[in-house]
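Enquirer: Just dropping this structure here.
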Amino acid sequence: MAGKERMSKASQSASEPGQALAEAGARVICASGDLTDSGDGLRFEAASNGETVPAFAVRHGGRVYAYVNRCAHIAMELDWQPGKFFDAEGEYLICSTHGALYAPESGACRGGPCKGAGLHRLHVWEADGKVYMREG
Ligand code: FES
Numbered sequence: 001m002a003g004k005e006r007m008s009k010a011s012q013s014a015s016e017p018g019q020a021l022a023e024a025g026a027r028v029i030c031a032s033g034d035l036t037d038s039g040d041g042l043r044f045e046a047a048s049n050g051e052t053v054p055a056f057a058v059r060h061g062g063r064v065y066a067y068v069n070r071c072a073h074i075a076m077e078l079d080w081q082p083g084k085f086f087d088a089e090g091e092y093l094i095c096s097t098h099g100a101l102y103a104p105e106s107g108a109c110r111g112g113p114c115k116g117a118g119l120h121r122l123h124v125w126e127a128d129g130k131v132y133m134r135e136g
């Protein structure tokens, strides 16, 4: 019986971080396992500066990053094929329209027609095996 009580308390405290995140207005985008390093990204919609915008999340160097899905060259989505955001080497995010290259960890322009302009980054984080973001 005492063992059951200990297990019950342990599972309660394990779920508390997720509950706190939900109460703070965060929402789950996907499971952490849905994003592989330099693999396909996940498309979703996000609220940013009062509007709903297309967005995407990718994993690079073990970390998850998310951006508004809008090229800095012309306001077009980066992926012609849904979820294909990385170049062939898996090093940069690439716009499929004219080939602008962006650093996955910052969204900064690294070549092509973005000419120094970057992607709009969204704040995301991982906890409890899930990827979260805060709206707004
Ligand atoms: S629209 Fe992205 S590079 Fe031109």
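Here the sequence shown stands for residues 1 to 136, where the numbers follow our numbering. Cβ atoms here follow ideal geometry from the backbone N, Cα and C, with glycine treated the same way.
For Y92, which of S32, D37 and G25 has the nearest alpha-carbon?
Expert: Comparing Cα-Cα distances from Y92 to each of S32, D37 and G25, the minimum goes to D37.
Enquirer: List the DSSP bridge partners of K130.
Expert: The beta-bridge partner set that DSSP reports for K130 consists of A31 and A127.
Enquirer: Can you find at least 3 beta carbon pairs, one from the stretch 28-36 and one from the stretch 101-114, that sit closer than 8 Å?
Expert: no
Enquirer: Looking at the ligand FES, does it come within less than 7 Å of H120, judged from the CB to the closest heavy atom?
Expert: Distances taken from the Cβ of H120 to the heavy atoms of the ligand FES include none shorter than 7 Å.
Enquirer: Take H98 and list the residues in its own chain whose beta-carbon comes closer than 7 Å to its own, dropping the five residues that flank it on each side.
Expert: H73, G112 and P113
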